[in-house]
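Participant: Residues 1 to 566, numbered by the numbering used here, are exactly what the first sequence covers, in order. Glycine included, each C-beta is placed from N, C-alpha and C at the ideal position. Got a structure for you, written out below as structure tokens; questions coming shortly.
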Amino acid sequence: MANLPQTTNFIRDIIIEDIKNNKYNGKVITRFPPEPNGYLHIGHAKSICLNFGLAKEFNGKCNLRFDDTNPSKEEQKYVDAIIEDVKWLGFDWEDRLYYASDYFEQFYNWAVELIKAGKAYVCDLSSEEIKEYRGTLTEPGKESPYRNRSIEENLDLFERMRKGEFKEGSRVLRAKIDMSSGNLNMRDPVMYRIKHEPHYRTGNKWCIYPMYDWAHGLSDSIEGVTHSICTMEYEDHRPLYDWFLDQLNIYHPQQIEFARLNLSHTVLSKRKLLKLVNEKYVDGWDDPRMPTLAGMRRRGYTPEAIRDFIERIGVGKKESLVDIALLEYCVRKDLNEKAPRVMAVLNPLKVVITNYPDDKVEYLQAINNPEKPEMGVREVPFSKIIYIERDDFMENPPKEFYRLTLNREVRLRYAYYIKCIDVIKDGAGNIVEIHCTYDPETRGGWSPDGRKVKSTLHWVSASHCIEAEVRLYDYLFTKERPDETEEDEDFTNYINPKSLEILKSCKLEPSLANAKPGSIYQFERLGYFCVDTKDSKDGSLVFNKTVGLKDEWSKILKKSNFNISS
RNA sequence: UGGGGAGUCGUCUAACGGCAAGACGGCAGACUCUGGAUCUGCUUUUAGGGGUUCGAAUCCUCUCUCCCCAGCCA
């Protein structure tokens, strides 16, 4: 895959140093800890590749752990989707599938321990009051009036919280740390809240649920994680992560933070992605325009391409915006090697080859993948009436256009040289078909007299081709940074109205009749397209455009501001 | 204005006191039965000031800019 000299990163350097110093007995154990409250996206892929990749590299293990401490947001369907996506990306946690919810009893016992040590207390302040008492960024907080309850009372109250004697929101368990800390996370953070709500795994067994800060480090500790890798926004939480582990005096992993991925022209926050789904800006989490792994998979992106991309963007602590062009480069690079080539005409223009015999059909040999001769050849039918791409003919072309125009000769790929002799229009002046002659001497696309043509067009035989729907995708957002919104503006303002274009009756070469859902092809001269796994059926195929080929001509068009409408 | 973090080509990442490098993008060109692929070349960088040093992106210092934190979310 990536033939680059592998470039290191600061986390790898830390691990190498730790192994050298025999910290953790030279072991490396990491974990990928998603909350099952949504679908995984390309940003998660960075974390997955990092955690699983580092573990593999250093002969360690990486666990998959669901951080399921909040029953109001979590669902089994997300667990299932996440499992599928991590597998698809190519990683294996073997038998180490864990759930924070499996540790609830242990967390509870540790909380009791902290209460007994006078390090935690039950607080009766309302959430609004807790907020008030917390102080501000610049002013210290005030201590809760319940802060100095006796250990006995705390123990009793906490037990009764668990038993369900109290209303939701009436009490919480808090760590007794420092209400004047400059770090807000240390101002007596909440460890447990009451939620009379069933949990998708523990059902009604619990009505108190641990907060992230309390649960996360403990889970890491239980699992023997050595390097707990998370994103930068948790940097402020590290002192608390350390504090809990230190108070309990249990095995203490180290938390390391890296910068999360930002991608141009896309949003990568669960909240925003959820909004796109809920408000129907897209057609579900697996809409091919979504940056979710499910969406990208449906779009035709390969795990190899995504992993290569993640490898190339590197890992650091500075916030950055990666150009989506790099992702597209990785996809093209991978698909160029893998995808069989076929001919498909998306916007058909009828061509009559006037000097070709009416009923003749020839089968011409076409190469499946010039990058990989071992992928063999196939035969493509040719006849008197064919379709070419409308864009491949221009009546009054600019000089840079070297496709078909009146009186010019071009090559039909793998077939013949043809020359345009007539343009047929309807009453409104629209071109309805063109007439060409072919040179029988050029069969296969070679001219015996060695004359050259400037271009080669793809085509399909009208009487043999099959029809299909093709969906073209563009960036979901027109703005490079849709997250960067002006005041009273929403990121949805930047949604690209042309992010989806549906072409209903595209003409495909007949070899595609049996194309399997999920299979990916290169439509020659156009791009990579995959058979949609959801809407495609036998006999009515639907293709998704994965990514276009590099397109010099469109650049020329853009530069010169030509009107594309011939 | 409290606490935490970050500043290297347009973008991403490397260089760990010793020639600022690679990739993507962009621009040119070569080649080509995909205006694809491939190949070649060019493009352009240490936020700023001061200091230490034979030598600083790297160490010290001051300044500037950007990001994160006031959920009983993770």
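Are there 16 or more other CB atoms within 10 angstroms of the CB of K545, so buried, or fewer, so exposed?
Facilitator: With 16 or more Cβ atoms within 10 Å of its Cβ, K545 is classed as buried.
Participant: Rounded to whole angstroms, how far is the Cβ of M161 from the Cβ of I115, which I believe are closer than 8 Å?
Facilitator: The Cβ separation is near 11 Å, so there is no contact.
Participant: Sorted by chain position, which residues of the same chain lie with C-beta nearer than 7 Å to P291's C-beta, five sequence neighbours on each side aside?
Facilitator: Closer than 7 Å at the Cβ level, and outside the excluded window around P291, lie H41, I42, L263, T266, L268.
Participant: Taking all protein chains shown into account, decide if R341 is buried (16 or more other Cβ within 10 angstroms of its Cβ) or exposed.
Facilitator: Looking at its Cβ environment, which holds 16 or more other Cβ atoms inside 10 Å, R341 is buried.
Participant: Nearest-angstrom Cα distance between K454 and V410?
Facilitator: About 6 Å.
Participant: Could you tell me if D308 is buried or exposed, where buried requires 16 or more neighbouring beta carbons within 10 angstroms of its beta carbon?
Facilitator: The residue in question, D308, is buried, as its Cβ has 16 or more Cβ neighbours within 10 Å.
Participant: Exposed or buried, what is T442 when buried is set at 16 or more other beta-carbons lying within 10 Å of its beta-carbon?
Facilitator: Classification for T442: buried.
Participant: Y200 to D213, Cα distance in whole Å?
Facilitator: If you take the alpha carbons of Y200 and D213, they lie about 21 Å apart.
Participant: Once you ignore the five residues that flank V413 on each side, which residues in its own chain have a CB closer than 6 Å to its CB?
Facilitator: Here residue 413 is Arg; the residue named in the question, Val, does not match the sequence. T456, H458.
Participant: Is the distance from the Cβ of Y121 to the Cβ of K176 below 7 Å?
Facilitator: Closer than 7 Å, so yes.
Participant: In terms of residues, what are the limits of the beta strand (DSSP E) holding R312?
Facilitator: R312 -> not in any beta strand (DSSP E); alpha helix (DSSP H) instead, spanning 303 to 313.
Participant: Considering only the beta carbon of each residue, do T302 and R260 sit closer than 7 Å?
Facilitator: Contact flag unset, no.
Participant: Kindly give me the distance between the Cβ atoms of I306 and A45, rounded to whole angstroms, as I take these residues to be in contact under 8 Å.
Facilitator: The pair is a contact, with the Cβ atoms about 6 Å apart (cut-off 8 Å).
Participant: When burial is assigned at 16 or more other CB atoms within 10 Å of the CB, is T69 buried or exposed?
Facilitator: By the 10 Å Cβ count, T69 comes out buried.
Participant: Let me check understanding here. Comparing Cα to Cα, which of E159, N249, T136, A215 lies closest to R187?
Facilitator: If we check each option's Cα against that of R187, T136 comes out closest.
Participant: If we ignore side chains and look at the alpha-carbon of each, how far apart do G314 and V322 end up?
Facilitator: The straight-line gap from Cα to Cα measures roughly 10 Å.
Participant: By the three-class DSSP mapping on this structure, what secondary structure does F258 have?
Facilitator: The answer is strand: DSSP assigns F258 an E or B state.
Participant: So which of W446, E395, G295 has the shortest CA-CA distance to N430?
Facilitator: Out of W446, E395, G295, E395 has the C-alpha closest to the C-alpha of N430.
Participant: Give the secondary structure of I434 by DSSP, where H, G and I count as helix, E and B as strand, and everything else as coil.
Facilitator: Strand.
Participant: Within the continuous beta strand (DSSP E) that includes G548, where are the two ends?
Facilitator: Unbroken beta strand (DSSP E) run through G548: 541 to 548.
Participant: Using the Cα positions of S505 and I15, report the straight-line distance between them to the nearest angstrom.
Facilitator: Cα to Cα, S505 sits roughly 55 Å from I15.
Participant: Just to confirm the assignment, what range does the alpha helix (DSSP H) spanning R238 have?
Facilitator: Looking at the DSSP string, the run of the alpha helix (DSSP H) that includes R238 is 238 to 248.
Participant: Excluding the 5 residues preceding and the 5 following R178 in the sequence, name in chain order all residues of the same chain whose CB lies nearer than 6 Å to its CB.
Facilitator: The residue you asked about is not Arg; residue 178 is Asp in the sequence shown. Hits under 6 Å: M186.
Participant: When the Cα atoms are used, what is the spatial distance from T485 to K479?
Facilitator: Between T485 and K479, the C-alpha separation is close to 10 Å.
Participant: Pull up the CB-CB distance for Y78 and N37, whole angstroms please, since I reckon it's below 8 Å.
Facilitator: The pair is a contact, with the Cβ atoms about 6 Å apart (cut-off 8 Å).
Participant: Hey, could you find the ends of the beta strand (DSSP E) D13 is sitting in?
Facilitator: From DSSP, D13 is part of no beta strand (DSSP E) but of the alpha helix (DSSP H) over 10 to 20.
Participant: Report the residue ranges of all beta strand (DSSP E) runs contained in full by the segment 163 to 205; include only those spanning at least 3 residues, in chain order.
Facilitator: DSSP runs (the beta strand (DSSP E)) wholly in the segment 163 to 205: 172 to 175, 190 to 194.
Participant: Can at least three beta-carbon pairs, one atom from the segment 350 to 369 and one from the segment 325 to 333, be found at a separation below 8 Å?
Facilitator: Counting Cβ pairs under 8 Å, fewer than three are found: no touch.
Participant: Can you give me the start and stop residues for the beta strand (DSSP E) that G527 sits inside?
Facilitator: Note, G527: beta strand (DSSP E), 527 to 531.
Participant: Could you check which residue in K23, E17, K61, A81 has the C-alpha nearest to that of E35?
Facilitator: Among K23, E17, K61, A81, the Cα nearest to that of E35 is on A81.
Participant: Secondary structure at D287, three-state DSSP: helix, strand or coil?
Facilitator: Note: D287 maps to coil in three-state DSSP.
Participant: Can you name, in chain order, every residue of its own chain whose Cβ lies under 7 Å from the Cβ of N355, other than the five neighbours on each side?
Facilitator: Cβ neighbours of N355 beyond the five flanking positions: T437, Y438.
Participant: So, at 8 Å on beta carbons, what are the nonlocal neighbours of I421 in its own chain, with the 5 sequence-adjacent residues on each side left out?
Facilitator: So the list reads T354, L406, N407, H435, C436, T437, once near-sequence residues are dropped.
Participant: Suppose the cutoff is 8 Å on Cβ atoms and the five residues either side in sequence are ignored; what does the same chain contact list for I256 look like?
Facilitator: These residues qualify, in order along the chain: I11, I14, H227, S228, I229, C230.
Participant: Tell me, please, whether the segment 514 to 521 touches the segment 278 to 288 by the rule of three or more beta-carbon pairs shorter than 8 Å.
Facilitator: No, the segment 514 to 521 is not in contact with the segment 278 to 288.
Participant: Looking only at its own chain, which residues have a Cβ that is under 6 Å from the Cβ of I367, when we skip the five neighbours before and after it?
Facilitator: Around I367: V377.
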